[in-house]
Amino acid sequence: MYLNRISKNFHLTISIISALLLFFIVTLKAGNTSTIFSVLQDLVAITLLFSLSVQIKEYIRINKISFLSLTFAVAVLLGILLMSIWTAQMFMDNLVQKLNAEFSVFSFASNVVGIIYFCIFAFGLTFIFVVLKEFYYSKRIKYNPIYFQLLIAFGILSALSFTIFQEINQAVSTAFMVVTILLIVKNSFGISWIAFLNKKEKYKLLLISLAITALASVLVGYSADISLHSETLKSYSTGFNRIALLILIYSLVYFGVLFFTVLFHLPTAEAFDRKAEEVSSLHLFSTLINQVIDFDELADTITDLTRKVSTADASWIVMKNGNTYETISLKNISEKDITEINNYLLHSGECKNLTKAKICSIEKSSVKSKLSEHLSSVIISPLKTQTEVKGYLLAARKSGLLFYDDEAKAINAFSEYASIALENSRLLKESIEKERLEKELDVAREMQKKLLPAFDPQFNQLQISSIFIPAFEVGGDFFDYYTDKENEFSFIIGDVAGKGISAAFVMAEVKGIFESLSKILASPKEILIKANRILSRTLHRKNFVSALYGKINFITSEFEFARAGHCPALLIRDGEIIKYQPKGLALGLDYTESFSENLDDLKIKLRKNDTLIFYTDGITESKNQNNEDFGDNRFVETIKRNLDKNIEQIAREIISEVSIFANNSTQYDDITLLILRWNKN
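The structure is reproduced here in structure tokens:
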């Protein structure tokens, strides 16, 4: 950037110095017709033109000015130059004579006006030449730069030879000029950049090129004749007057050729615009496939682009929903008309087993009379993912014209991109929904974890070991300890039917109920009956709860428990495993007296080293890759193999066996294991 700034300032300085040199040379010349002075003026003028061209080219490059804007700028500059000539004719009648007179204050002032006039033309014509050079080099498939380089070389030779030989023989200068004009004609053909303009831009270009041709013609006349304008330019540089004439001739020829080229391109402009729109739209879709947006927004984009690609009046998307069709994102057509057309095309079998875009005329169909608008032709293209058709993309015309095969091909290609984009959007939506649910499950798991005891209580008479392993999907397992009453330890273990957030909330509610009841009631049976009565006001039928409530009296060594539809309790005594399964219905299954009538409590007198095991069905119903349950038998056998170990080791061995058994399967239910060992004689 720093070097660019230095270069810009350098060329600006050269331009200013060159203009000042011309001013002083003309002042010193004072009527001297020496060839040396004239050649010096030409060289300074060429230096000025070169420095201006560098600055103008850099300005165009930095600002990225479009071709149409450059063409308009040429027309404006030619208009300014013509106005300058007319102004000079009105106010500078004796300028040339005053410039050639003896030096005086008035001739000095005239010289100032003259150099300004010269610089206006130097800048304007240099800008035009740079634009012509940009046009020559731009967007050509094949070109030979030597022709433009020769044009510049012969143009300079023509200017210098005109100055050197103007008093002797003009044949050499004329020959150079003829060659230059031939090169101008050669370089004015092969205009390829207009093919990249749309129809509207070509109409504008047609008018501008016509205006430029007219203005250039008038200016060529002024420059070729012996006029005040040409004599003024010659006063500062004879060669520049020749260069100015050549640039104006180049403008005249180039924009004259451009006018007729654009004129011949107009009939195909509409077709080109449509193809350009197709390419642009397909490029947009290739971007959409990688940058999927909201499904509804994407559908709107598809229907909008479909209308542009096919120059249709209306468009819409039909998606399959089981055996029915759902219309989304309709554009410029009523729902009633869409329903009639969909019934005609999709339900009548007209488009059965459609594999590519199809043109359907409805001019003579039975559906035409049912439409509120005059629709003549419809293109329908399947939206496929691999081999499955997910829906259809449709476009319709109201103009009375049918669609053509190339438009059907465009829509067919378009629908393939649309299918991929829509499917990606759908998958992204599902992925976002899945991620949202997983975050909710994380919250539920954290809540479930916080509701469970943080540690096992410690007693001299009783050892306690618990293990809780949450499933991937939140379940309703819970357990809790109650140690508020003196000489007594109570606990609850349960399982809420169902999974997910609802089960976790029910679990939290049930746990709170038992915590309250444990403080005011003594009998496990009474606690379960009261809990069932409370839950009748809030618990939904499908959210029944299995539970086992037990208590141990440290003084009497008595264990009392009641079971509401929960897994049986296991007692390990003297190397034997005893299963206790008193009757009882799960909480929430029955709110009548039948619940209490079918609920038994059981008392067991504990002996030293008696071990009690309580669990949830997450253990026995764990499945392996063959969908087999771990089962009660494997559970009991695992306990038998580890009877001589302490309760922490027993718990770890049970969980280890379950994990090995279900190694390649997903854990769908919580696993809860509670083991108590009585140490009192």
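Position in the sequence shown counted from 1, then plus 5, gives you my numbering.
Ideal Cβ positions, reconstructed from N, Cα and C, are used throughout, including at glycine.
query, result
"Cβ pair count under 8 Å reaching 3, the segment 216-229 against the segment 258-269", "yes"
"Closest by C-alpha distance to lysine 610, when choosing among Ile338, Lys504 and Asn686", "Asn686"
"Spatially closest choice to lysine 588 from Ser599, Asn603 and Glu412, by CA coordinates", "Asn603"
"Sub-8 Å separation of isoleucine 660 and threonine 616 beta-carbons", "no"
"Residue(s) in a DSSP beta bridge with aspartate 634", "Lys628"
"For aspartate 447 and arginine 612, the rounded distance between their alpha carbons", "43 Å"
"C-alpha distance - lysine 325 paired with glycine 593, whole-angstrom precision", "42 Å"
"Minimum C-alpha distance to alanine 574 - residue among Ser242, Leu522 and Gly499", "Gly499"
"C-alpha distance - glycine 327 paired with leucine 376, whole-angstrom precision", "27 Å"
"Which of helix, strand or coil DSSP assigns to tyrosine 7", "Per-residue confidence for tyrosine 7 stands at a pLDDT of 45, beneath the threshold of 50, marking its modelled position as unreliable; the derived number appears in the next sentence. Helix."
"For isoleucine 213, three-class secondary structure by DSSP", "helix"
"As assigned by DSSP and simplified to three states, the class of tyrosine 122", "helix"
"The segment 630-638 / the segment 658-677 touching (three or more Cβ pairs under 8 Å)", "yes"
"Tyrosine 486, enclosing beta strand (DSSP E) - first and last residue", "482-487"
"Whole-number beta carbon distance between valine 31 and tyrosine 241, since they are thought to touch under 8 Å", "6 Å"
"Contact the segment 41-57 vs the segment 15-26: 3+ CB pairs below 8 Å", "yes"
"Buried versus exposed, by CB contacts within 10 Å (16 or more), phenylalanine 126", "buried"
"Same chain only: Cβ atoms within 7 Å of serine 178, ignoring 5 sequence neighbours per side", "Ser163, Ser166, Phe167 and Phe170"
"Serine 320 - DSSP class collapsed to helix/strand/coil", "strand"
"Beta-carbon gap between lysine 341 and tryptophan 321 smaller than 8 Å", "no"
"Length at least 4, wholly inside the segment 320-407: the alpha helix (DSSP H) runs in chain order", "340-347"
"Residues near glutamate 331 in its chain [Cβ-Cβ closer than 6 Å; skip 5 each side]", "Met324"
"Best match in Arg402, Leu75, Leu359 and Ser366 for proximity to glutamate 378 [C-alpha to C-alpha]", "Arg402"
"Given glutamate 428 as reference, the closest of Asp301, Leu211 and Phe519 once Cα atoms are compared", "Asp301"
"Of the listed residues Lys645, Asp622, Asp649 and Arg646, nearest to alanine 636 (C-alpha basis)", "In the sequence on display, residue 636 carries glycine and not alanine. It is Asp622."
"Beta-carbon gap between threonine 237 and alanine 93 smaller than 8 Å", "yes"
"C-alpha gap between isoleucine 70 and alanine 78, whole angstroms", "10 Å"
"Supposed close pair lysine 608, glutamate 565 - CB separation, criterion 8 Å", "5 Å"
"Reference leucine 137; option with closest CA among Ala656, Ile252, Asn537 and Glu626", "Ile252"
"Proximal residues to valine 394 (C-beta, below 8 Å), its chain only, five neighbours per side dropped", "Lys325, Leu359, Pro387 and Leu388"
"Beta-carbon proximity list for threonine 218, same chain, < 7 Å, skipping 5 on both sides", "Leu257, Phe260, Gly261 and Phe264"
"Collapsed DSSP secondary structure at alanine 476 in the structure displayed", "coil"
"Selected residue, minimal CA-CA separation from threonine 329, among Asn347, Glu514, Ile90 and Met95", "Asn347"
"Coil, strand or helix - tyrosine 409 by DSSP", "coil"
"Check: serine 339 C-beta below 7 Å from any heavy atom of the ligand MN", "For the structure depicted, the ligand MN is absent and the ligand set is empty, with no information on it obtainable."
"For isoleucine 70, three-class secondary structure by DSSP", "coil"
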